[in-house]
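Working notes for the structure below.
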Amino acid sequence: MARPVPLIEATDRGLACAAGGFTIDPWKPVDVSLVTHAHADHARPVAKVTYAAHSSIPLLRKRLGPDLELRGVDWGEPLAFGDTTVSFHPAGHVLGSAQIRVERLVDGPNGERAGETWVFTGDFKRDPDPSCEPFELVTCDTFITEATFALPVYRWQPGEVVAREIFDWWQLMKTSERPAVLFGYSLGKAQRVLAELVRFTDEPVYLHGAVYPLTELYREAGIHMLPTLPIDLADRKVDYRGRLIVAPPGASGSTWMRRFPNASTGFCSGWMRVRGNRRRRGYDRGFVLSDHADWPGLLRTIEQTGATRVLTTHGQSASLVRLLRERGVDAAELTTRYSADDSEADDAAQDAAADTVTAPPSADAPDQTVQP
Ligand SMILES: [Zn+2]
Ligand SMILES: [Zn+2]
Numbered sequence: 242m243a244r245p246v247p248l249i250e251a252t253d254r255g256l257a258c259a260a261g262g263f264t265i266d267p268w269k270p271v272d273v274s275l276v277t278h279a280h281a282d283h284a285r286p287v288a289k290v291t292y293a294a295h296s297s298i299p300l301l302r303k304r305l306g307p308d309l310e311l312r313g314v315d316w317g318e319p320l321a322f323g324d325t326t327v328s329f330h331p332a333g334h335v336l337g338s339a340q341i342r343v344e345r346l347v348d349g350p351n352g353e354r355a356g357e358t359w360v361f362t363g364d365f366k367r368d369p370d371p372s373c374e375p376f377e378l379v380t381c382d383t384f385i386t387e388a389t390f391a392l393p394v395y396r397w398q399p400g401e402v403v404a405r406e407i408f409d410w411w412q413l414m415k416t417s418e419r420p421a422v423l424f425g426y427s428l429g430k431a432q433r434v435l436a437e438l439v440r441f442t443d444e445p446v447y448l449h450g451a452v453y454p455l456t457e458l459y460r461e462a463g464i465h466m467l468p469t470l471p472i473d474l475a476d477r478k479v480d481y482r483g484r485l486i487v488a489p490p491g492a493s494g495s496t497w498m499r500r501f502p503n504a505s506t507g508f509c510s511g512w513m514r515v516r517g518n519r520r521r522r523g524y525d526r527g528f529v530l531s532d533h534a535d536w537p538g539l540l541r542t543i544e545q546t547g548a549t550r551v552l553t554t555h556g557q558s559a560s561l562v563r564l565l566r567e568r569g570v571d572a573a574e575l576t577t578r579y580s581a582d583d584s585e586a587d588d589a590a591q592d593a594a595a596d597t598v599t600a601p602p603s604a605d606a607p608d609q610t611v612q613p
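Right under this line is the structure:
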């Protein structure tokens, strides 16, 4: 019998599984989608029916609107789709983030039936994170992985070490009576910081309008975080000196920042591992905290899955594929629309829209945020 078509293929709509009649993380209209997590580049309102992990549903509802048909799935629950069996497994990336396992029976060369298993990671990380379910290792034949930080320079310190750096910076700003404005993605990163900081304090943190409602959803899901307060730009009485403020990257350099004169700014991202990035983006401090696997984490995970074939979806795919091929692994890049910047652009657009209404009107020139 001829070699069957790949179980999952990158099409112009998303990662499609013809045998199962579904598409994973689609970017164009489809009937049935399986969505790994609620970041904008993976979750778009394009399917008639969308399946996702239960803990992802409130976040998807918030981001994709009230009309979408969403169906929650338990971790590990086997679902029959066409000739396949599908299950969702924690990816450790953000709350509710899933790897998707797809299995089908195939005819072997002598007519025997044999199983074939594929896993798509979505985005994932291996490091402990108090704000989401821990990564679960799932063995497979073909492993489709993200490659956001697939370069040897990307190695992470434990979250609690980075949280200590953030806390120390905050305390320093308290001493010098300046606001400490920390930028990080509004879904996932912000809540992880708030959960990691519980170790050091119980002081409330002020949140940008794009971060606050998502944080409330995390709290409703039972995630233990510092107490938080929404920022009301119209309320001129609040004194933000010595306060920690968490905002999405899109708010940096916007008129929103005028409410926090003399603020020290920090950015929380895996990209801060590369020294020039902090200066180029104009932040005073860079904190290397990522919701993706680092280089050793990626390689270890690929090995532990036991996969004989590895396909990459986004990020430093070329570098990872080259290394795997050198090691004799069957590896290739897939073309997708997932963003290596982890939805920063999409989030920035959404976040800007969320707060322009309340920003104070001003005819001043935009703040200079880029340092030479
Ligand atoms: Zn993501
Ligand atoms: Zn991604």
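According to the numbering used here, the residues represented by the sequence shown are 242 to 613, in order. Yeah, the Cβ is synthetic: ideal placement off N, Cα and C, and Gly gets one too.
**Request:** Can you tell me which of the three DSSP states Leu428 falls into?
**Result:** Residue state, collapsed to three classes: coil.
**Prompt:** Smallest Cα separation from Pro393: which of Val515, Gln412, Asn351, Leu301?
**Reply:** Residue Val515 is the option with its Cα nearest to Pro393.
**Asked** Which two residues bound the contiguous alpha helix (DSSP H) that contains Ala288?
**Response** Where Ala288 is concerned, there is no enclosing alpha helix (DSSP H), although the beta strand (DSSP E) it sits in stretches over 288-294.
**Request:** Pull up the distance between the alpha-carbon of Gln557 and that of Ala488, whole angstroms please.
**Result:** Straight-line Cα distance between these residues: approximately 27 Å.
**Request:** Would you mind stating whether Phe365 and Thr546 have Cβ atoms separated by less than 8 Å?
**Result:** In this structure, the beta-carbon distance from Phe365 to Thr546 does not fall below 8 Å.
**Message:** I'd like to confirm something about Tyr292: is its beta-carbon nearer than 7 Å to some heavy atom of ligand 2, or not?
**Reply:** Tyr292: no, Cβ never under 7 Å from ligand 2.
**Asked** Applying the criterion that 16 or more other CB atoms from any shown protein chain within 10 Å of the CB defines a buried residue, is Asp608 buried or exposed?
**Response** Confidence in Asp608 is poor, its pLDDT being 32 and thus under 50, which makes the residue's placement unreliable; the coordinate value appears in the next sentence. Asp608 is exposed by the Cβ-count criterion.
**Asked** Sorry if obvious, but does the Cβ on Glu567 come closer than 7 Å to a heavy atom of ligand 2?
**Response** Not one heavy atom of ligand 2 falls within 7 Å of the beta-carbon of Glu567.
**Message:** Distance check for Pro445 and Ile341, CA to CA, integer angstroms please.
**Reply:** Separation of Ile341 and Pro445 (C-alpha to C-alpha, rounded to the nearest whole angstrom) is 37 Å.
**Asked** Can you give the Cα-Cα distance for Glu401 and Asn351, rounded to whole angstroms?
**Response** Their Cα atoms are separated by approximately 54 Å.
**Request:** Could you tell me whether the Cβ atoms of Tyr524 and Gly507 are closer together than 8 Å?
**Result:** In this structure, Gly507 lies closer than 8 Å to Tyr524 by Cβ.
**Asked** Residues with a Cβ closer than 5 Å to any heavy atom of ligand 2, in chain order?
**Response** Qualifying residues, in the order they occur: Asp364, Tyr579.
**Request:** Could you tell me which of Cys258, Val335, Asp571 sits nearest to Thr549, measuring between CA atoms?
**Result:** Among Cys258, Val335, Asp571, the Cα nearest to that of Thr549 belongs to Asp571.
**Message:** Are there any heavy atoms of ligand 1 lying less than 7 Å away from the beta-carbon of His465, as far as the coordinates show?
**Reply:** No, Cβ of His465 sits at least 7 Å from all heavy atoms of ligand 1.
**Prompt:** Among Leu458, Ala573, Asp368, which one has its Cα closest to the Cα of Gly511?
**Reply:** Closest in alpha carbon position to Gly511, among Leu458, Ala573, Asp368, is Asp368.
**Message:** Please report the straight-line C-alpha distance between Asp587 and Gly306, rounded to a whole angstrom.
**Reply:** With a pLDDT of 38 at Asp587, under the threshold of 50, the modelled position of this residue cannot be trusted; read the value that follows with caution. For Asp587 and Gly306, the gap between their C-alpha atoms comes out near 16 Å.
**Request:** Could you say if the stretch 377-391 and the stretch 476-495 meet the contact criterion of at least three C-beta pairs nearer than 8 Å?
**Result:** No, the stretch 377-391 does not touch the stretch 476-495.
**Helix, strand or coil at Leu474 [DSSP, three-state]** = Three-state result, Leu474: coil.
**Prompt:** Buried or exposed: which applies to His449, given that a residue is buried once 16 or more other Cβ atoms fall within 10 Å of its Cβ?
**Reply:** Buried: at least 16 other Cβ atoms inside 10 Å.
**Asked** Where DSSP assigns a beta bridge to Thr264, which residues make up the other side?
**Response** DSSP lists Ala257, Ser274 as partners of Thr264.
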